[in-house]
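Visitor: Protein chains in written order, with this note's numbering: chain A, 52 to 316; chain B, 233 to 689.
My questions all concern the structure below.
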Ligand SMILES: Nc1ncnc2c1ncn2[C@@H]1O[C@H](COP(=O)(O)OP(=O)(O)O)[C@@H](O)[C@H]1O
Ligand SMILES: [Mg+2]
């Protein structure tokens, strides 16, 4: 609904859309967390979700990856379509879906193995890859995540010895290695220092050419810096969605304006 | 008031450590001291009587002032007793003759006295030559010794004849210098560890009991680990975390507190009489009525102890699983791993140290457990080892010996409890050592695993 209403406002057009969320609601054990969200997320763009904490940003992001399957107390209505296919349709392979939709969490979660094995993890899940090819993919993924130069001499050391920022980039590399179409990032820099944050932001801008990114952030400047489109959520509802510069300079709603100017949080 | 708490806590820690040290010191000195060739003396009493033996300890006299001394005089076949209390003030003089001899013999226990002759059919040797001949004969393996006879003389002049075949070792401790004593001691310790028991468990070694204990613990671990780990995985990773799961968890924890003898009764009723006799009827009908599996044995004992340690394994493994952050599982799932792949590639490797802890706890508990074993398969003296060269090599139906039970048996069921006490200490020391070694192995393994993955230790 929203998307078509605002077609003239540079909103992503239907055929540019990679991910479309259609009247999607979700409840945790009967407690409603998302209320009939509808939005189109454009291909090869960065879309930011902002909103006060507890408003349902993470919940929405996890729904796109079907991570709520792990919790048997959630229920949902509505549809989420990836490239026109409903992710909840019974004939979809969830593992394949999750491979196509990578996810990076708030706190870096490298596995307790070597740096190399971390990046190889997703590849190994898909079956045997020749070592030469695997090595190439790993180098490519680490390079894409701007980490290769820092770790190329210690690929076989434990990933837990890296700094927090390096760990987060390693997690991104690990996700990139399986060549996803969409990358979901849930406050990827909120646990990091300013320099690492900057590196992650640069990385996000560079990755745009390869895939579609969805970024959850509570940092307004970050959203303004890196995203092309921004969705403002509050209490499980989509309040306003539009091109980032428009939403930040000229929000349509009072509520949005209050939030981005810091009057509510 | 607040100042005193740290001191109280420190004091209780110190006290615990002190008690532990005391226990170990006691076991070490009493257990290992038993093998030391201690000095023998001849005491001449005021009455003119001669007593040869090892002075063991002294206590105050019960009726009057003064002290009395306990001598281990051996020679039960001659004067009917091995021990003798002598009031110290009735001793006129004491000597330590270098020729005084101590023999470890078969049926009658030790002999203390002099060697007067060595006869092997062709010749009769006396004096130093007899001792040389005896030493040479004993140095040879038992089955190649000549059929000789010794003529022995006690301190007060009685003569007896003793077949060489019944003699295990001979020593003249007063004539040994410290190096020789040490060699003799080391040899004694080695025999204790490597030989079978003699004389209704009052002498000889404990090798079958060591072997039985370790084998039983290993079989038990092999049984309990898969079950315990699977149960823990189910409770922590698969089951819906509702009221029922909580109830099951509480039940498991409480099972750890059930007295071990109750498990023994259960094992006897269910495994031995229930399953065992059915197995006999189906597969070993030709040997009935003598039971094969219908009586206690290694398998039933290991199963019973596996049941006993199952709660420990479940709880320790579950704690390890619960410590793994969900973000690790989500990370794997988000990369397209299925539930099973997440489990086998992320969760189980991360839980490995916890599982090793579980083994440590289970082994420590099982190796020291005696009560249930008495019902389900331990034997005072097992004629055959449960593992040998005969097909199928591992004989799960056989009875086995166990250090804990051996200890109990030596302490209370010998004909001379006084003489068995040092052996009890030695066996206890061994049991503690085995548990310690098993534990240390697992601890080092766990440490190694953690270091390998860069986890903090
Ligand atoms: N696992 C869960 N079980 C129950 N309620 C949850 C769970 N996760 C989040 N919620 C609730 O859903 C709402 C949205 O949470 P979340 O998506 O984490 O917010 P955000 O990421 O925007 O801070 C919050 O009210 C939170 O309490
Ligand atoms: Mg969140």
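Quick reminder that beta carbons are idealized off the backbone N, C-alpha and C, glycines included.
Report the residues of the segment 550-580 of chain B with a CB closer than 9 Å to any CB of chain A, ordered along the chain.
Guide: So the close ones are 557, 558, 559, 560, 561, 562, 563, 564, 565, 566, 567, 568, 569, 570, 571, 573, 577, 578.
Visitor: May I ask you to report which of helix, strand or coil DSSP gives residue 613 of chain B?
Guide: Correct three-state label for residue 613 of chain B: coil.
Visitor: Candidates A:123, A:122, A:153: which alpha carbon is nearest residue 112 of chain A's?
Guide: Answer by Cα proximity: A:153.
Visitor: My understanding is that residue 114 of chain A touches residue 95 of chain A, with C-beta atoms under 8 Å, so please give their C-beta distance in whole angstroms.
Guide: Incorrect: roughly 22 Å between the Cβ atoms, too far for contact.
Visitor: Between residue 160 of chain A and chain B, is any beta-carbon pair separated by less than 7 Å?
Guide: Chain B, which has a Cβ nearer than 7 Å to the Cβ of residue 160 of chain A, makes this yes.
Visitor: Flag this pair as yes or no: are the beta carbons of residue 176 of chain A and residue 224 of chain A separated by less than 7 Å?
Guide: No, the pair does not count as a contact, with Cβ atoms beyond the cut-off.
Visitor: What do you reckon, are the CB atoms on residue 578 of chain B and residue 299 of chain A nearer than 7 Å?
Guide: Against a cut-off of 7 Å, the Cβ pair of residue 299 of chain A and residue 578 of chain B comes out as no contact.
Visitor: Go ahead and label residue 597 of chain B buried or exposed: buried means 16 or more other beta carbons lie within 10 angstroms of its beta carbon, across all protein chains shown.
Guide: Classification for residue 597 of chain B: buried.
Visitor: Just the Cα atoms here: how many angstroms apart are residue 293 of chain B and residue 275 of chain B?
Guide: In a straight line, the C-alpha of residue 293 of chain B is about 18 Å away from that of residue 275 of chain B.
Visitor: Between residue 584 of chain B and chain A, is the shortest Cβ-Cβ distance under 7 Å, so that the two count as touching?
Guide: So no, residue 584 of chain B is outside the interface.
Visitor: Please confirm whether any heavy atom of ligand 2 lies closer than 6 Å to the CB of residue 109 of chain A.
Guide: The answer is yes for residue 109 of chain A.
Visitor: Can you tell me where the alpha helix (DSSP H) holding residue 623 of chain B begins and where it ends?
Guide: Taken as a continuous stretch (DSSP letters only), residue 623 of chain B belongs to no alpha helix (DSSP H), as it is neither H nor E.
Visitor: Could I get the ranges of all uninterrupted alpha helix (DSSP H) runs contained in the segment 504-531 of chain B, with 4 residues as the minimum, in chain order?
Guide: Those alpha helix (DSSP H) runs which fall completely within the segment 504-531 of chain B and span 4+ residues are 509-515.
Visitor: Decide yes or no for the touch test of the segment 546-562 of chain B against the segment 521-533 of chain B: beta carbon pairs closer than 8 Å, at least 3 of them.
Guide: The segment 546-562 of chain B vs the segment 521-533 of chain B: no contact.
Visitor: Helix, strand or coil: which one does DSSP assign to residue 127 of chain A?
Guide: Here residue 127 of chain A sits in strand by DSSP.
Visitor: Could you tell me which uninterrupted beta strand (DSSP E) segments, each at least 3 residues in length, are contained entirely in the segment 380-461 of chain B, listed from first to last along the chain?
Guide: Runs found: 381-385, 391-395, 399-403.
Visitor: Flag residue 215 of chain A as yes if its beta-carbon sits less than 7 Å from any beta-carbon of chain B, otherwise no.
Guide: Residue 215 of chain A does not count as touching chain B.
Visitor: Could you give the distance in angstroms between the alpha-carbon of residue 502 of chain B and the alpha-carbon of residue 666 of chain B?
Guide: Cα to Cα, residue 502 of chain B sits roughly 30 Å from residue 666 of chain B.
Visitor: If we cut at 7 Å on Cβ distances, does residue 132 of chain A have a partner in chain B?
Guide: Closer than 7 Å: no.
Visitor: If you drop the 5 nearest sequence neighbours on each side, which residues of the same chain put their C-beta closer than 6 Å to that of residue 358 of chain B?
Guide: Result list for residue 358 of chain B: 349, in chain order.
Visitor: Within the present structure, is the beta-carbon of residue 292 of chain A separated from the nearest heavy atom of ligand 1 by less than 6 Å?
Guide: Residue 292 of chain A Cβ: outside cutoff for every heavy atom of ligand 1.
Visitor: For the segment 143-157 of chain A and the segment 231-240 of chain A, state whether three or more C-beta atom pairs, one from each stretch, are separated by less than 8 Å.
Guide: In short, these stretches touch, since the Cβ pair count reaches three.
Visitor: Can you pull the chain A neighbours of residue 638 of chain B, defined as C-beta to C-beta under 9 Å?
Guide: Going along chain A, no residue has its Cβ under 9 Å from residue 638 of chain B, so there is no contact; the nearest lies around 44 Å.
Visitor: Do you know how far the Cα of residue 395 of chain B is from the Cα of residue 336 of chain B?
Guide: Between residue 336 of chain B and residue 395 of chain B, the C-alpha separation is close to 12 Å.
Visitor: Which residue's Cα is closest to the Cα of residue 356 of chain B: B:340, B:377, B:376, B:381?
Guide: With distances taken between Cα atoms, residue 356 of chain B lies closest to B:381.
Visitor: Could you give the first and the last residue of the continuous alpha helix (DSSP H) run that contains residue 200 of chain A?
Guide: Start and end: 199-202.
Visitor: Is residue 163 of chain A close to chain B, meaning its C-beta is less than 7 Å from at least one C-beta of that chain?
Guide: Judged by the 7 Å Cβ criterion, residue 163 of chain A is in contact with chain B.
Visitor: One question on the structure: do residue 639 of chain B and residue 614 of chain B come within less than 7 Å of each other, judged by their Cβ atoms?
Guide: No, the Cβ-Cβ distance between residue 639 of chain B and residue 614 of chain B is not below 7 Å.
Visitor: So, is the C-beta of residue 176 of chain A closer than 7 Å to a C-beta in chain C?
Guide: Checking the listed chains, one finds no chain C in this structure; the protein chains it contains are A and B.
Visitor: Could you list the residues in the segment 451-481 of chain B with a C-beta less than 9 Å from some C-beta on chain A, going in chain order?
Guide: Cβ contacts with chain A come from 472.
Visitor: By the DSSP assignment, the beta strand (DSSP E) with residue 285 of chain A in it spans what residues?
Guide: Run containing residue 285 of chain A: 280-285, per the beta strand (DSSP E) assignment.
Visitor: What does the alpha-carbon distance come out to for the pair residue 413 of chain B and residue 680 of chain B?
Guide: Near 41 Å, if we compare the C-alpha coordinates of residue 680 of chain B and residue 413 of chain B.
Visitor: For residue 350 of chain B, report the span of its beta strand (DSSP E) as first-last.
Guide: Residues 343-351.
Visitor: Report the three-state DSSP secondary structure of residue 188 of chain A (helix, strand or coil).
Guide: Note: residue 188 of chain A maps to helix in three-state DSSP.
Visitor: Mind checking residue 564 of chain B: buried by the 16 CB within 10 Å criterion, or exposed?
Guide: Label assigned to residue 564 of chain B: buried.
Visitor: Output the distance between the C-alpha atoms of residue 621 of chain B and residue 328 of chain B, rounded to the nearest integer angstrom.
Guide: Distance between the alpha carbons of residue 621 of chain B and residue 328 of chain B is about 49 Å.
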